[in-house]
Every structure is written in structure tokens, then in C-alpha cells.
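The sequence shown lines up with residues 118 to 368 when you count with the working numbering.
Glycine included, every Cβ here is placed at the ideal spot set by N, Cα and C.
None of these values were measured; they are calculated from a predicted model.
Have a look at the structure below before the remarks.
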Amino acid sequence: MIRGYLGLARRRALQVATALAAGMLLAGTGAVQAQADANPLVERLFRAYFLEGQNVGDRSVLVDIAGICGLDARVVQEMLSGDDLVSDVEAEIRMAQEMGVQGVPFFIRAGKNLPLTCTEVLVRLKRAPSIYAKDGAPPNHVRMRISPDVTLALGATAVSPTDESQSAPMEMQASHHPGAGEMDAYERVLGDALHGEQTLFAREDYVEEAWRIVDPVLAAPPPVHAYAPGTWGPAEAAGVAPPLGWHDPRA
118 MIRGYLGLAR
128 RRALQVATAL
138 AAGMLLAGTG
148 AVQAQADANP
158 LVERLFRAYF
168 LEGQNVGDRS
178 VLVDIAGICG
188 LDARVVQEML
198 SGDDLVSDVE
208 AEIRMAQEMG
218 VQGVPFFIRA
228 GKNLPLTCTE
238 VLVRLKRAPS
248 IYAKDGAPPN
258 HVRMRISPDV
268 TLALGATAVS
278 PTDESQSAPM
288 EMQASHHPGA
298 GEMDAYERVL
308 GDALHGEQTL
318 FAREDYVEEA
328 WRIVDPVLAA
338 PPPVHAYAPG
348 TWGPAEAAGV
358 APPLGWHDPR
368 A
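This is the structure we're talking about:
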């Protein structure tokens, strides 16, 4: 389920965030499917745009990417030069925009008996400032911990205080630790339910969409991979990790 849903999300994100030509290349892979699997093409476009900053609206760039993935450059060039796929791609772009997709892929990891119990969101920005490219600086980030405590952190590459020619990743954070008199999450939900406040509860259309995604998995469940208690999950989780790997929250 995770791999299939991420693949769909990434394809939608690419079609919205990039030029029409990139969407045409993805839509047209069915015509050359015998030459290469479409998944490597989606992954390569995803990496080229979000990590390498390439202009995937440039047809020459798309032809090069297609060649890396084993597609025939001449066939791809002809496909991108025609108008047969434009209406289909534009329809998918409109659908993605109506869904609220804005070109930011997201990855979710959840489990039981992990090293740390918390709910945390990490937003990795597209790439580090070019001035630090030679140092291999990690991308800047925004980190939000929702529970059990509340934390907002900004991560960035900063000049070393002892050597201006060197840089190092730094993080500035502000935290709020719930006091004894504050309601926890379950208290608030139960209180809202008693008072008829629906803000924190799922709407009907959200529930139906969730079941639409989950139902095929329940009908044909994927294999279950065991992992040791107190670890961050099975080794197979690396196969569906973000390009820079999973983020492991710290206490």
C-alpha cells in the first residue's frame, strides 16, 4: 500500500509542480512500457526536480532522463513533440489541484514499540544554499513535534563561530511541556464529543476516501515484515524511504 500510494502521490506532485512536458512523459510511458518499467522513470524525475534542481520542463532534460531509464530517445522526442497527451495530462493536473496537491511529497512512518513514542513532522526544504554546496550541507528543515510535548524547530546551515570558512548544521527550537492542569489529547476529544464540537473529527468525505485507499490492501494484504522491539522497524522500510532517508526522532 505504502509504495503504491507514494508512487501516486509523487506522480501527482510532479505533474503539478513541473511543466506540462514532464506530465506528458509520465503519461506516455504506457506507449513504450515494453522498453522499461515506469517506476524508475517516476523515481528519476522525482530526484531530478526535488533534489537536483533540474528543469524537467525542458524537453532535452526529459529525453536525457528517459534515456537513463532505458527508453528510446527518438520515441520520447516524438511523443513530447506531439499534442496527443496534452488534454489527458491537463485533466490530471486539474484533478491534482482540486485535491490540494501543491508539489510537496510526503512520507508517513508509524509503528508500535519503537525507540521513542512521539508524533513529529519533519519538513525538508528543497536543497541547501548554494554557498555551502562544497561542504555537502544537509537541506534546511522545519521540525514540529505535536506530542507528547510541543516543539517547533528550525534547522539551517550556519557559519562556524570559530572558522568562517567552515559551516555546520544548527537547530533552533522552542518547546512547550504540558502542565499538570492541561488537558491531554484524549480529554479534549472526549470533551468536544460531549459538547458536539466536530472540528477534531473526520468528515464523511475524508472517511470515504480513506476507505477507498485502504480497501484494496485489505482485499490483497502485502507481506508482513517483523522487527525487533525498540528498533525503528524492519529493514524493508528502507525500500520506501524518502530520498534522504527516514528521520529518527530523538528524545
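Could you pull out every residue in the same chain whose Cβ sits closer than 8 angstroms to the Cβ of residue i, ignoring the five residues on either side in sequence?
i, result
"Q290", "R260, T268, L269, A270, L271"
"Y323", "none"
"P351", "H342, A343, Y344"
"H312", "none"
"M287", "G272, A273, T274, A275"
"A400", "Given that the chain is displayed from residue 118 to residue 368, the structure contains no residue 400 and the question cannot be resolved."
"P346", "N230"
"L335", "none"
"Q194", "R176, V180"
For residue i, collect the residues of the same chain with a Cβ closer than 7 angstroms to its Cβ; drop the 5 residues on either side in sequence, then sort them by chain order.
i, result
"P157", "C186"
"C235", "R262, S264, P265, P366"
"A302", "S264"
"R161", "I182, I185, C186"
In this structure, what does DSSP give as the bridge partners for residue i?
i, result
"Q370", "Outside the displayed range of the chain (118 to 368) lies residue 370, so it cannot be described from this structure."
"T395", "This structure leaves residue 395 out entirely; the chain is present only between 118 and 368."
"V306", "DSSP, once it has assigned bridges, lists no residue as partnering V306."
"L239", "R260"
"V276", "S284"
My assumption, with CB atoms under 8 angstroms, is that residue i sits in contact with residue j. Please give the rounded CB distance.
i, j, result
"L231", "W363", "About 11 angstroms; that fails the 8 angstroms criterion."
"P256", "R241", "5 angstroms"
"L239", "H258", "6 angstroms"
"L179", "L197", "6 angstroms"
"V331", "L317", "21 angstroms between Cβ atoms; not a contact."
Measuring alpha carbon to alpha carbon, tell me which of the options ends up nearest residue i.
i, options, result
"S177", "P286, S282, A190, G170", "A190"
"A183", "V203, V159, L202, S204", "V159"
"S292", "A336, E237, I210, V180", "E237"
"E353", "E325, L361, P340", "P340"
"A368", "D301, H294, P360", "H294"
"P360", "D200, S204, K243, A327", "K243"
### Message
Please give the ranges of any alpha helix (DSSP H) in the segment 317–363, keeping only runs that are unbroken, at least 4 residues long and fully inside the region.
### Response
Listed in chain order, they are 321–336.
### 4 or more residues per run - each alpha helix (DSSP H) lying fully within the segment 193–217
Counting only runs of 4 or more, we get 203–216.
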